[in-house]
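J.: My structure is below; once you've seen it, I'll send some questions.
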Amino acid sequence: MDEKKLDYETAYRAVHGDHDAQMKVLAYYDSYINALSTVEEVDGDGNMRRYIDEDLKAAIQAGYLEALPKCRVMQ
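The sequence shown: position 14 = 16 (our numbering), numbered continuously.
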């Protein structure tokens, strides 16, 4: 996650549907979402391959955006 904290105004606007604020929230959590969507596979030669599953990442982001309006933002 970004070292900078997410400010109240951005969080409030994101919860209330502001697209730009929602994109800032997703950017703030991007490294965490990347970690959640990282997949490890072993190929036929036994080599471990690690990559971000973009479909899984998109599903996590969509779920987060869907849940945002249900959040209460406290100052």
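Yeah, the Cβ is synthetic: ideal placement off N, Cα and C, and Gly gets one too.
1. Could you tell me which residues DSSP puts in a beta bridge with Met76?
2. Excluding sequence positions up to five away, which residues of its chain have a Cβ less than 8 Å from the Cβ of Gln77?
3. If you draw a straight line from the alpha carbon of Asp4 to that of Arg51, how long is it in whole angstroms?
4. Would you identify the three-state DSSP class for Tyr31, choosing helix, strand or coil?
5. Taking Pro71 as the reference, give the member of Tyr53, Gly19, Lys7, Lys6 with the closest Cα.
T.: Quick answer:
1. DSSP, once it has assigned bridges, lists no residue as partnering Met76.
2. Result list for Gln77: Tyr10, in chain order.
3. Note on Asp4: pLDDT 45, under 50, position unreliable in the model; the coordinate value appears next. Approximately 26 Å, taken between the alpha carbons.
4. Tyr31: coil per DSSP, three-state reduction.
5. It is Gly19.
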